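By the count of the numbering used here, the first sequence reaches residue 494 at its end, each step adding exactly one. Worksheet: the structure to be examined is printed underneath.
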Amino acid sequence: MLDIKFIRENPELVKEAVRKKMINFDVDRLLQLDQKRKELMLSVEELNKIKNQANKEIQQAKDEEARKNIIAQMRELDRNSDDKSQEFKKTDEEFQRLMLLVPNVPDESVPEGKCDADNVEVKTWGKIPQFKFTPKDHIQLMKDLWLADFDRGAKVSGFRGYFLKKEGLMLCMAIWQYALDLLMKKGFAPMGAPAIVKQEAMTGTGYLPQAKDEVYATTDGMYLVGTSEVPLMSYHADEILNEADLPIKYAGFSPCFRTEVGSYGKDTQGIFRVHEFMKIEQVVLCKNDKQESVRLHEEITKNAEEILQGLGLPYHVVVNCTGDLGLGQVKKYDIECWVPSQNKYRETHSSSYFFDFQTRRLNIRYKNKEGKTEFAHSLNNTGIATPRVLMPLLENNQQADGSIKIPKVLYKYLNFKEIRARK
RNA sequence: GGAGGGAUGCCUGAGCGGUUGAAAGGGAUAGUCUUGAAAACUAUUAUGGGGUAACCCAUCGGGAGUUCGAAUCUCCCUCCCUCCUCCA
């Protein structure tokens, strides 16, 4: 959510943001509503003032006669004030509804574009492997090595269902531990976060009402999170933090659920795009300062790069174009790992910052050195997501004999160094 | 799932339907005193909105209602606690 004052003073900037992010939103209508709301609020307050005064007079009234007189007058007044306050309530509700749909303004450095095809590569790392044999895709590898069962996954869980088996699961667990250890060394506090949350948490982080179709709801009105960013950001909702404690860094671990509507036909096979997965997520709260947000954004992006470098996975970093930004995001980098079978990079990480867009919705503030309360800034990035990362990991590390070489950094978490073909 | 109890400011904790935006204590901040510290004393100490300002409006978990008037009464919701039940 943006500050209404900012929208009033910079309507053109907001309209530009709407255009660039390709969102359907009428800024002028919001501003009209804002004006109307302000006027109604003033008249409601004026009526309240009169009522409050009259109530005091009733208390101090000398006799029953005087009391009754004032009460009679009040009744008259109430008839008018009811209409006004009803109108104010209606206007305010609509205003609040629209405020949740106003997009954040993208940074100047974000390239303009429509979709992920317009994202701009800013960095590459690692050597793309040259195979002297025909490499298999991850699906074939996982089937051959008994790392997953997709047929029974579909039987039990439906479309995009999967079972992780044997070394497939052990590998995932090793990767979690590896990523968590690395992030803990960087000062991130590990947090096991709930995956079932209330609506406020989804709205506060900006997934509702905007992306309603993409989240699962439970029968009792709760929601399944698509990332632990949701519970971890909500963790400090309605709190006033101390500036000295910032930045706060969490490494959240939770299952993640995504309906993947709108992705029909995309990545229908394998473990790249699934309805449920596990993710370690970097979540950061910092002070209300653009430089600090930018600095930390680079930092959490580097953390993810370090995780991938340790795993030896070739990747590139793209800066997402305006059309590929979420409602609240100011800027976003996607890190994409090389996938030999597809001969291209595929997204494994997403690193973004929001300024106070989320913290305004969640009411997360802190006391600054002058003793004033300000909204914090928020950022987040993937640490590692499984099983998705297995796709580049298995494919890039496959050997001519069909086995998989395990990256050295995972040795300490596993009792095997390669996964051999089964007979 | 069943039966009760509760939610008040930074914290603890009072609060008869009408100067209660809210007692008291603690904490914090500033000042006096002191070589310094402690103690003592004094003062300040909620948030949001509007206004140049005086000041005004809203807020006692959230929402709806009763009333001229609600922290206080009624209903619904959320959360917490105790007991029973169930359970990885």
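Built from N, CA and C at the ideal position, the CB exists for glycine as well. What you are looking at is a predicted structure, and each value in this text was computed from that prediction instead of being measured.
Beta-carbon separation of residue i and residue j under 9 Å?
{"i": "residue 279", "j": "residue 94", "result": "no"}
{"i": "residue 466", "j": "residue 208", "result": "yes"}
{"i": "residue 412", "j": "residue 206", "result": "yes"}
{"i": "residue 277", "j": "residue 328", "result": "no"}
{"i": "residue 198", "j": "residue 463", "result": "no"}
{"i": "residue 72", "j": "residue 170", "result": "yes"}
{"i": "residue 339", "j": "residue 417", "result": "no"}
{"i": "residue 445", "j": "residue 359", "result": "yes"}
{"i": "residue 249", "j": "residue 480", "result": "yes"}
{"i": "residue 574", "j": "residue 172", "result": "The question about residue 574 has no answer, for the chain in this structure spans 72 to 494."}
{"i": "residue 107", "j": "residue 162", "result": "yes"}
{"i": "residue 427", "j": "residue 447", "result": "yes"}
{"i": "residue 408", "j": "residue 379", "result": "yes"}
{"i": "residue 438", "j": "residue 352", "result": "no"}
{"i": "residue 336", "j": "residue 284", "result": "no"}
For the candidate residues the options, whose alpha-carbon lies nearest to that of residue i?
{"i": "residue 210", "options": "436, 419, 410, 122", "result": "410"}
{"i": "residue 364", "options": "424, 212, 488", "result": "424"}
{"i": "residue 268", "options": "480, 388, 294", "result": "294"}
{"i": "residue 460", "options": "348, 334, 486", "result": "348"}
{"i": "residue 160", "options": "135, 471, 112, 184", "result": "112"}
{"i": "residue 236", "options": "226, 218, 245", "result": "218"}
{"i": "residue 186", "options": "485, 389, 414, 438", "result": "389"}
{"i": "residue 223", "options": "233, 216, 215", "result": "233"}
{"i": "residue 264", "options": "303, 489, 257", "result": "303"}
{"i": "residue 244", "options": "157, 289, 483", "result": "483"}
{"i": "residue 311", "options": "261, 430, 275", "result": "430"}
{"i": "residue 490", "options": "155, 333, 239", "result": "239"}
{"i": "residue 259", "options": "309, 196, 324, 226", "result": "324"}
{"i": "residue 309", "options": "275, 284, 443", "result": "275"}
{"i": "residue 414", "options": "473, 336, 202, 361", "result": "202"}
{"i": "residue 458", "options": "83, 213, 114", "result": "213"}
{"i": "residue 225", "options": "341, 180, 130, 158", "result": "341"}
{"i": "residue 488", "options": "110, 305, 135, 242", "result": "242"}
{"i": "residue 289", "options": "251, 330, 316, 257", "result": "330"}
Under three-state DSSP, which class holds residue i?
{"i": "residue 417", "result": "strand"}
{"i": "residue 346", "result": "coil"}
{"i": "residue 216", "result": "coil"}
{"i": "residue 320", "result": "strand"}
{"i": "residue 463", "result": "helix"}
{"i": "residue 352", "result": "strand"}
{"i": "residue 259", "result": "coil"}
{"i": "residue 40", "result": "As displayed, the chain neither begins before 72 nor continues past 494, which places residue 40 out of reach and without an answer."}
{"i": "residue 340", "result": "coil"}
{"i": "residue 152", "result": "helix"}
{"i": "residue 456", "result": "strand"}
{"i": "residue 361", "result": "helix"}
{"i": "residue 476", "result": "strand"}
{"i": "residue 470", "result": "coil"}
Return the chain-ordered list of same chain residues with a C-beta closer than 6 Å to the C-beta of residue i, the five sequence neighbours on each side being excluded.
{"i": "residue 516", "result": "Residue 516 lies beyond the stretch modelled for the chain, which goes from 72 to 494, so this question has no answer here."}
{"i": "residue 254", "result": "322, 454"}
{"i": "residue 125", "result": "141, 145"}
{"i": "residue 85", "result": "78, 98"}
{"i": "residue 221", "result": "233"}
{"i": "residue 216", "result": "490"}
{"i": "residue 114", "result": "155"}
Got a sec? Which residues, its chain only, sit under 8 Å from residue i by beta carbon, not counting five neighbours each side?
{"i": "residue 355", "result": "318, 319, 320, 321, 367, 371, 449, 450, 451"}
{"i": "residue 177", "result": "88, 91, 92, 393, 396, 400, 401, 402"}
{"i": "residue 165", "result": "104"}
{"i": "residue 190", "result": "182, 184, 389, 390, 391, 392, 395, 405"}
{"i": "residue 194", "result": "387, 388"}
{"i": "residue 148", "result": "118, 121, 122, 125"}
{"i": "residue 158", "result": "111"}
{"i": "residue 82", "result": "98, 99, 102"}
Residues in the same chain with beta-carbon distance under 7 Å from residue i, minus the five sequence neighbours each way, listed in chain order, please.
{"i": "residue 307", "result": "356, 435"}
{"i": "residue 470", "result": "476"}
{"i": "residue 200", "result": "411, 467"}
{"i": "residue 273", "result": "279, 286, 294, 301"}
{"i": "residue 382", "result": "464, 478, 480"}
{"i": "residue 229", "result": "none"}
{"i": "residue 473", "result": "215, 492"}
For the ligand MG, any of its heavy atoms closer than 8 Å to the Cβ of residue i?
{"i": "residue 384", "result": "In terms of ligand content, the structure shown is empty, and the ligand MG therefore cannot be addressed."}
Within the stretch 75-146, note down every full alpha helix (DSSP H) run reaching 4 residues or more, in order along the chain.
75-80, 82-91, 98-131
Alpha helix (DSSP H) runs contained entirely in the stretch 365-453, provided each spans 4 or more residues
Entirely contained in the stretch 365-453, the alpha helix (DSSP H) runs reaching 4 residues are, in chain order, 428-433.
For the stretch 163-250, which segments carrying the beta strand (DSSP E) assignment without a break, of at least 3 residues, lie completely within its bounds, in sequence order?
List check, beta strand (DSSP E) in window: 191-196.
To test your reading of the DSSP string, which unbroken alpha helix (DSSP H) runs of 4 or more residues are found completely within the stretch 274-312?
300-305
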